[in-house]
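**Student:** As they're listed, the protein sequences go chains D and V. Using this note's numbering, read the first sequence as starting at 29 and increasing by one per residue. Using this note's numbering, read the second sequence as starting at 135 and increasing by one per residue. Ideal Cβ positions, reconstructed from N, Cα and C, are used throughout, including at glycine. Keep in mind the model is a prediction, meaning the values are calculated, not measured.
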Amino acid sequence: MVTKDPRVSIPDEWFRKKGEDHERAEAVVRPSLSYWKDAWRRLRKNKLAMGGLVFLVILTLLAIFGPVFSPYEVTATDLRNQNMAPSAAHWFGTDEMGRDVFTRTWYGARISLFVGVMAALIDFFIGIIYGGVSGYKGGRTDSIMMRIIEILYGLPHLLVVILLMVVMGPSLTTIIVALTITGWVGMARIVRGQVLQIKNFEFVTASKSFGARTPRIIRKNLLPNTMGPIIVQMTLTVPSAIFAEAFLSFLGLGIQAPYASWGVMANDALPVILSGDWWRLFFPAFFISITMFAFNVLGDGMQDALDPKLRG
Amino acid sequence: MPLYILKRFIMMIVTVLIIATLTFVLMRAIPGSPFDEERTSNPTIQANLEKFYKLDQPMPIQYLNYLKSIVTFDYGPSIKKPNESVNTLLARGFPISFELGMATIIVAVISGIILGTFAALRHNGIIDYGAMTFAVVGISIPNFVLATLLIQQVAVNWHLLPPATWSSPKHMILPIIALATGPTAIIARLTRASMLEVLTQDYIKMARAKGLSPFRIVARHALRNALMPVVTIMGTMLAGILTGTFVIEKIFAIPGMGKYFVESINNRDYPVIMGSTVFYSAFLVFMLFLVDIVYGFLDPRIKLHKKEGEV
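1) Could you name the residues of chain V that Asn324/D contacts, counting a contact when the two beta carbons are closer than 8 Å?
2) Please report whether the beta-carbon of Ile204/V lies at a distance below 8 Å from any beta-carbon of chain D.
3) Whole beta strand (DSSP E) runs in the stretch 220 to 281 of chain V with 3 or more residues, listed along the chain?
4) Work out the CA separation of Gly374/V and Ala356/V for me, nearest whole Å.
5) In chain D, what lies closer than 9 Å to Met145/V by C-beta?
6) I want to see whether chain V comes within less than 8 Å of Ala294/D, judged by CB atoms only; does it?
7) Can you give me the Cβ contacts of Gly6/D inside the same chain, cut-off strictly under 8 Å, excluding the 5 residues immediately before and after it?
8) Can you give me the Cβ contacts of Val188/D inside the same chain, cut-off strictly under 6 Å, excluding the 5 residues immediately before and after it?
9) Closest to Tyr200/V by C-alpha separation, out of Leu156/V, Gln180/V and Glu218/V, would be which residue?
10) Against chain A, does Ile153/V count as a neighbour if the rule is that its beta carbon must be under 8 Å from one of theirs?
11) Under a Cβ-count criterion, where at least 16 other Cβ atoms within 10 Å of its own Cβ denotes burial, should Glu230/D be classed as buried or exposed?
12) Given a cut-off of 8 Å, decide if Ala91/D and Ala269/D are closer than it, judged by their beta-carbon atoms.
13) Which chain D residues are close to Tyr200/V, counting only those with a beta carbon under 8 Å from its beta carbon?
14) Check whether the Cβ of Val243/V lies closer than 8 Å to any Cβ atom in chain D.
15) When you compare only the Cα positions, how much space is there between Ser415/V and Ser62/D?
16) Beta carbon of Asp262/V, beta carbon of Ala269/V: below 8 Å?
17) Examine chain D for any beta-carbon lying closer than 8 Å to the beta-carbon of Ala322/V, and answer yes or no.
18) Between Ile139/D and Leu200/D, is the Cβ-Cβ spacing less than 8 Å?
19) Going along the chain, which unbroken runs of the alpha helix (DSSP H) with 4 or more residues stay wholly within the stretch 71 to 126 of chain D?
20) Looking at Ser219/V: is its Cβ nearer than 8 Å to the Cβ of Pro211/V?
21) Got a sec: is the Cβ-Cβ distance from Ile399/V to anything in chain D below 8 Å?
22) Taking only beta carbons into account, state which residues of the stretch 278 to 292 of chain V come closer than 8 Å to chain D, listed in chain order.
23) Taking a Cβ distance cut-off of 8 Å, strictly less, list which residues of the stretch 408 to 420 of chain V are near chain D, in chain order.
24) Roughly how many whole angstroms lie between the Cα atoms of Leu372/V and Ile239/V?
25) Could you tell me the alpha carbon to alpha carbon distance between Arg70/D and Ala327/V, rounded to whole angstroms?
26) For Phe228/V, decide whether its Cβ has a neighbour in chain D, counting only Cβ atoms nearer than 8 Å.
27) Starting from the Cα of Tyr287/D, find the closest Cα among Arg44/D, Ala104/D and Leu89/D and give me that residue.
28) In chain order, what residues of the same chain have a beta carbon less than 7 Å from the beta carbon of Gly272/V, not counting five sequence neighbours either side?
29) Could you give the C-beta distance for Val425/V and Val365/V, rounded to a whole number, given that I count them as a contact under 8 Å?
30) My guess is that Val80/V and Ile310/V are in contact by the Cβ rule of under 8 Å, so how many angstroms apart are they, rounded?
31) What number of angstroms, rounded off, separates the C-alpha of Tyr404/V from the C-alpha of Leu192/D?
32) With a threshold of 8 Å, are at least 3 pairs of Cβ atoms found where one atom belongs to the stretch 99 to 115 of chain D and the other to the stretch 231 to 241 of chain D?
33) From this set, Glu184/V, Gly235/V, Leu160/V and Pro177/V, which residue's C-alpha is nearest Gly197/D's C-alpha?
34) Quick check: what's the CA-CA separation for Arg308/D versus Ile203/D?
35) Pull the bridge partners of Asp128/D from the DSSP assignment, please.
36) In angstroms, rounded to a whole number, what distance separates the CA positions of Thr251/V and Asn258/V?
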């Protein structure tokens, strides 16, 4: 409806009636993105997090294929070439038994990544079941389950892990078992908190009124909506598991020689740093740090990307 | 409040009891006796040894003895160092570890809070980026790596500070830096995040509107509230620092509890392992208890008797 102001005369023909465009009335201007697509879009903008992701992909590839490019075996000793500085033959130098540090670094990467990922996965499964049940059931069950968690949370984790390592004997399995026995608690707390929040939303009520049973509701309604914080927690579990493995190996409780893990390599390098054999310490230390760094920035980035409140 | 403290206290006792029991069960689950390596010992000596360490009694009695030893703080003699009791080791080592741990906490809390606060005040500025870069790097470098790097560079290459032992304040600088960097980074991140949130609150605007100086606003009004999350993680952080002292003491050859603990692990000296684990755990759980109570006092919003089912 055009109202003409008598003080300005605008000819009628200047006005053009815009036809009602029925076809486009319902069109959505912003492209519809699923939660995950949107999160991915925002994560991609975060250069640091993407850098971390790219590094981790490369590291994983090197962990798998790195030893293939090396003519040396991981445990092969060469007593004529002990403590050699990095050279064309040994890119990262050799250790006190003449073992090739380059090859050992990628074997160390395998162990670190394996321990980290396994710890995160096992935490994930235990945490989801425990936290899901606790949060969904609520009431007395929740109360009791949370008291148990509170007590476990108060345990000094690394001490318990050390104790378990002493008893079970050092091995890769032991490390993972020991780490997950204490590690799932954090995940369970997060899942429970989320479930507690979501279970009263309308769509869950709707699902219930359709006759969905508890396992279905947990699987179809609750878990998908708690995935964001869970994934962030998993990403941040990996570096702490890698740290714990290195820490234990450093104390002599982890992987045993002649096998390599970054912690073992750093520990072995300790006596020789005073004599200036820097590469012995530098390579494992560098890779532990940068891997943890990559996981940390990736976790931070995912935290921002998966938080619907920060959606731009 | 008294009810809350009582409840926490009971939880603390239960936790210590669980740790003690777990330690006992785990140590007894190891096959063989601790004297198996001593091949010279004939059955009589073996039996006498077991009698001396009270290993010949039935399990439940052993367990009760063990619980009694915990309550009375008498952890018995070491197996590998027969002339020393676990108590003497603890008495010699723990004060040093405690010193290292406390110094680390103090350094970490002060520098972390300052760093985090300035980062928040200069949000997205150079200080902010600098502090947060430091924080992520600090969290990512394991303390033992940092410690060895510090020894190599500062002590060996530059001859600035002594590389080992714990004999003068100068000797303490490197271990404290190595141990405090991680916690500093965590505290700085937390402080920054909660400070950013607090600074947008209405009462800060109000304080500004009243014409208070920026320093007063931050120090009196913002910081108090922004520090709550820091208090929350103090407990777990303490645990991390105390276990961190193990490796730091190993690297810097500091004669603290960590050194004895690592030694006892390596030569399977069970009474020492058990004694120090229980002692350390009890100490940590007690610290957590204190943190909880302090938290209750600090935050008036926390109703000290929480509703059922809340954590």
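**Tutor:** Put simply:
1) Going along chain V in sequence order, the residues near Asn324/D (Cβ under 8 Å) are Val270, Ile273 and Ser274.
2) It does not; no Cβ of chain D falls within 8 Å.
3) Qualifying beta strand (DSSP E) stretches: none in this window.
4) Near 28 Å, if we compare the C-alpha coordinates of Gly374/V and Ala356/V.
5) Per Cβ cutoff of 9 Å: Arg175, Glu178, Ile179 and Gly182.
6) Taking a beta-carbon distance threshold of 8 Å, Ala294/D counts as an interface residue toward chain V.
7) Residue coverage of chain D in this structure runs from 29 to 340, which leaves residue 6/D outside it and unanswerable.
8) In chain order, Thr210 place their CB closer than 6 Å to the CB of Val188/D, counting only its own chain and leaving out the 5 sequence neighbours on each side.
9) For Tyr200/V, the closest C-alpha among the options Leu156/V, Gln180/V and Glu218/V is that of Leu156/V.
10) The structure shown contains no chain A; its protein chains are D and V.
11) Residue environment: Glu230/D is assigned as exposed (fewer than 16 neighbouring CB atoms within 10 Å of its CB, all protein chains considered).
12) Pairing Ala269/D with Ala91/D gives a Cβ-Cβ distance that is not under 8 Å.
13) None at all; the shortest Cβ gap to chain D is about 15 Å.
14) Taking 8 Å as the threshold, the shortest C-beta distance from Val243/V to chain D does not fall below it.
15) Cα to Cα, Ser415/V sits roughly 47 Å from Ser62/D.
16) Going by C-beta atoms, Asp262/V is not nearer than 8 Å to Ala269/V.
17) Answer no: the Cβ-Cβ gap between Ala322/V and chain D never drops below 8 Å.
18) When the beta-carbon positions are compared, Ile139/D and Leu200/D come within less than 8 Å of each other.
19) Within the stretch 71 to 126 of chain D, the alpha helix (DSSP H) runs of at least 4 residues that lie entirely inside it are, in chain order, 75 to 93.
20) Yes, these two residues count as a Cβ contact at 8 Å.
21) Interface residue, yes.
22) Within the stretch 278 to 292 of chain V, the residues whose Cβ lies closer than 8 Å to some Cβ of chain D are Phe278, Val279, Thr282, Leu283, Ile285, Gln286 and Val290, listed in chain order.
23) For the stretch 408 to 420 of chain V, which is checked against every Cβ of chain D, the residues closer than 8 Å are Thr411, Tyr414, Ser415, Leu418 and Val419.
24) Those two C-alpha atoms are separated by around 8 Å.
25) Linking Arg70/D to Ala327/V through their CA atoms gives a straight-line distance of about 20 Å.
26) It does not: the Cβ of Phe228/V has no partner Cβ on chain D nearer than 8 Å.
27) Here the closest residue by C-alpha is Ala104/D.
28) Close CB contacts of Gly272/V within its chain, under the 7 Å cut and outside five residues either way in sequence, are with Thr315, Gly316, Thr318 and Ala319 (chain order).
29) At roughly 7 Å, the Cβ-Cβ gap stays under 8 Å, so Val425/V and Val365/V are in contact.
30) Only positions 135 to 445 of chain V appear in the structure, and residue 80/V is not among them; the question remains open.
31) Rounded to whole angstroms, the separation of the alpha carbons of Leu192/D and Tyr404/V is 13 Å.
32) Touching, no.
33) The residue with the shortest Cα to Cα distance from Gly197/D is Leu160/V.
34) Annotation: Arg308/D to Ile203/D spans about 24 Å, alpha carbon to alpha carbon.
35) Partner(s): Thr122/D.
36) Those two C-alpha atoms are separated by around 13 Å.
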